[in-house]
Amino acid sequence: MPKVKIPRKSTLVDMTAMCDVAFLLLTFFMLTSNFTAKEPVKVETPTSISEIKIPETNIELILIDKTGKVFLGIDNQTHRLNLLKAMGEAYKINFTPVELKKYSLRATTGVPISQMKAFLALKDEDIDNPLAQKGIPCDSLDNQFKQWVYYARKENPLIRIAIKGDKETPFVVIKKVMKTLQDLRENRYNLITGLEEIPKD
Amino acid sequence: MAEINTGGGDHKGGKKRSKKASTRVDLTPMVDLGFLLITFFMLATTLIKPQTMEINMPSNDKVDKKDETKVKASKAITIILAKNNKVFYYFGDTDPKTKVEPTVIASDFSPKTGIRTMLLDRNKDIVAKIKALKKQKLLKRWSDEDFKKLATPIKSDKDAPVIMITATDEANYNNLVNILDEMQICNVSKYAIIDLTPHHKDLIKPLDK
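Line by line, the protein sequences are chains U and Y. Each residue of the first sequence is one higher than the one before, counting from 1 in our numbering. Each residue of the second sequence is one higher than the one before, counting from 1001 in our numbering.
This is the structure we're talking about:
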């Protein structure tokens, strides 16, 4: 065999450029995106051609899933804590500071007030289970939903209501929610929808 | 591997220096870290801001009879949302003199043949005017606010149709959002969501099997 020495070239690649690209991408994502809040149930909103963006602050989110369960949340943590305290006083339930803090860590919750203490006592793995939350009752006999909305408004007078409903949410529930809002004289609210293309005539 | 030159090379007079260690740093783990962080941000955040539709409902306060604006029967359209994405509509209302019920027509949300064609037809003057206005907006480069200011009086013209929207209990939220969307597409600004009355139920019973 001829003695041809294959010239050995270095197999090491300079990673500086790659590192720069990676951090540029990272900076882009950090600056342009917003964290999505974890919602207790997955809701698929209907689409509409409206292009008005949801406001960023002072939002009260009313989440209605396709089985008709109602969840409610407001965007400020201190307000959430005070909201639960106010609800506790209205229904004569005493919440400990630990329970109040645990409640305020979750963005949207939907539990009948009588089961709230039991719900907050659940361990972390169980509390995230969507079946653990039964939804806020909004029937005419026991309209806890009305109290939640009333105290949320009292807590933050500038709050704006946004309803996020699923495509298949039965109209009965929506009717109840809208009627309750009308009773509370909350006549201006937003419906969260996905974006749809404007049809060409 | 990036070459990072540490200050190696200064001689401390006379002392026997040990062999210079290689000053090359391998940056591969740094890149891995960078991509891990990118993956985290890509999965935990969203670039899309959800859209909203604004709704204004009339207040529940009792209105004096004399303050209620009488809707001309020829301009009133009632839309009833029913199950399985069906839509029923009729023009005007029961004639108090002859007690003749209005004819109820069944429709749906399909883009070419559904309720949109009816609405566009009923509203054609306003739709045409808004279309002309939109063309002007493109030509003269108006801002959205100016366009809105000019569009609002056209839409709330006194001859514009007034639409009453109601739904049976079997309709779903998607139907409601779709009909409100149609209002926007067809440039209708006078509409209201009303309760379903037994009269409405009777009117659609023969058609809603």
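Virtual Cβ for every residue (Gly too), placed ideally from N, Cα, C.
Would DSSP call residue 1109/Y helix, strand or coil? For residue 1109/Y, the three-state secondary structure derived from DSSP is coil.
With 9 Å as the threshold, decide whether the Cβ of residue 1049/Y is near any Cβ in chain U. For residue 1049/Y, the answer is yes, since a Cβ of chain U falls inside 9 Å of its Cβ.
Starting from residue 157/U, find everything on chain Y with Cβ-Cβ shorter than 8 Å and list it in chain order. Per Cβ cutoff of 8 Å: no residues; residue 157/U is ~18 Å from chain Y at best.
Pull up the DSSP beta-bridge partners for residue 1091/Y, would you. Residue 1091/Y is bridged to 1077/Y.
Does the beta-carbon of residue 133/U have 16 or more other beta-carbons within 10 angstroms, so that it is buried, or is it exposed? Residue 133/U is classed as buried because its beta carbon has at least 16 other beta carbons within 10 Å across all chains shown.
Per DSSP, which one or two residues make a beta bridge with residue 48/U? Residue pairing from DSSP places residue 48/U in a beta bridge opposite 195/U.
Are the C-beta atoms of residue 1041/Y and some chain U residue less than 9 Å apart? Output row for residue 1041/Y: interface = yes.
How many angstroms separate the CA atom of residue 197/U from the CA atom of residue 100/U? Each residue's Cα considered, the two are about 43 Å apart.
Where residue 180/U falls, given that 16 or more other Cβ within 10 Å makes a residue buried: Its Cβ being crowded by 16 or more others within 10 Å, residue 180/U is buried.
Quick one: residues in its chain with C-beta nearer than 8 Å to the C-beta of residue 1065/Y, no 5 flanking neighbours on either side, listed in chain order? The pLDDT assigned to residue 1065/Y is 49, lower than 50, so where the model puts this residue is not dependable; a value taken from the coordinates is nonetheless given after this. Hits under 8 Å: none found.
Using a Cβ-Cβ cutoff of 7 Å, what residues of the stretch 1132-1159 of chain Y are near chain U? List them in chain order. Going along the stretch 1132-1159 of chain Y in chain order, one finds no residue with a Cβ nearer than 7 Å to chain U.
The stretch 49-56 of chain U / the stretch 115-135 of chain U touching (three or more Cβ pairs under 8 Å): No contact exists between the stretch 49-56 of chain U and the stretch 115-135 of chain U.
Go ahead and label residue 89/U buried or exposed: buried means 16 or more other beta carbons lie within 10 angstroms of its beta carbon, across all protein chains shown. Exposed, since its Cβ has fewer than 16 Cβ neighbours within 10 Å.
Residue 143/U (DSSP reduced to helix, strand or coil): Residue 143/U falls in the strand class under three-state DSSP.
9 Å Cβ cut-off: residues of chain Y touching residue 202/U: Not covered by the structure: residue 202/U. The range shown for chain U is 1 to 201.
Starting from the C-beta of residue 155/U, find all residues in its chain whose C-beta is less than 6 Å away, skip the five residues before and the five after it, and write them out in chain order. If we look at residue 155/U and ignore the five residues flanking it on each side, its Cβ neighbours are 79, 82, 83.
DSSP state of residue 87/U mapped onto helix, strand, coil: Residue 87/U: helix per DSSP, three-state reduction.
Taking only beta carbons into account, state which residues of the stretch 11-41 of chain U come closer than 7 Å to chain C, listed in chain order. No chain C is present in this structure, whose protein chains are U and Y.
Does any residue of chain Y have a CB that is nearer than 9 Å to the CB of residue 172/U? Flagged as an interface residue toward chain Y: residue 172/U, by a C-beta distance shorter than 9 Å.
Under the assumption that residue 43/U contacts residue 138/U (Cβ atoms under 8 Å), give the Cβ distance between them as a whole number of angstroms. Contact doesn't hold; Cβ gap of about 17 Å is too wide.
Residues bridged to residue 160/U [DSSP beta-bridge criterion]: In the DSSP assignment, the residues bridged to residue 160/U are 59/U.
Thinking C-beta only, is residue 1161/Y closer than 9 Å to residue 1122/Y? Cβ atoms of residue 1122/Y and residue 1161/Y: closer than 9 Å.
Cutting at 6 Å between CB atoms, please list the residues of its own chain near residue 1117/Y, excluding the five before and the five after it. Contacts found: none.
Does the stretch 1162-1175 of chain Y come into contact with the stretch 1190-1198 of chain Y, if we say contact requires no fewer than three beta-carbon pairs (one atom in each stretch) closer than 8 Å? Yes, since at least three Cβ pairs between the stretch 1162-1175 of chain Y and the stretch 1190-1198 of chain Y fall closer than 8 Å, the two stretches touch.
Under 9 Å between the Cβ atoms of residue 1164/Y and residue 1076/Y? Yes.
Any C-beta of chain Y under 9 Å from that of residue 165/U: The beta carbon of residue 165/U falls within 9 Å of a beta carbon belonging to chain Y, placing the residue at that interface.
Which same chain residues end up closer than 6 Å to residue 68/U when comparing Cβ atoms and leaving out the 5 residues on each side of it in sequence? Taken in chain order, the residues that qualify are 170, 173.
Straight-line Cα distance separating residue 152/U from residue 75/U: Near 11 Å, if we compare the C-alpha coordinates of residue 152/U and residue 75/U.
Buried versus exposed call for residue 183/U [16 or more other C-beta atoms within 10 Å across all chains shown]: With fewer than 16 other beta carbons inside 10 angstroms of its own, residue 183/U counts as exposed.
Check whether chain U comes within 9 Å of residue 1108/Y, counting only Cβ atoms and requiring the distance to be less than that. Judged by the 9 Å Cβ criterion, residue 1108/Y is not in contact with chain U.
Measuring straight from C-alpha to C-alpha, what distance separates residue 65/U and residue 105/U? For residue 65/U and residue 105/U, the distance between alpha carbons rounds to 21 Å.
Label residue 1090/Y either buried or exposed according to how many other C-beta atoms from any shown protein chain fall within 10 Å of its C-beta, with 16 as the threshold for buried. Buried, by the Cβ-count rule.
Output yes if chain Y places a C-beta closer than 9 Å to the C-beta of residue 73/U; else output no. Taking CB atoms only, residue 73/U has no neighbour in chain Y less than 9 Å away.
Could you tell me whether the Cβ of residue 175/U comes closer than 9 Å to any Cβ of chain Y? Chain Y contact via Cβ: present.
Local conformation of residue 133/U per DSSP, three classes: Residue state, collapsed to three classes: coil.
Residue 72/U, enclosing alpha helix (DSSP H) - first and last residue: Under the DSSP assignment, residue 72/U falls outside any alpha helix (DSSP H), being part of the beta strand (DSSP E) whose first and last residues are 70-74.
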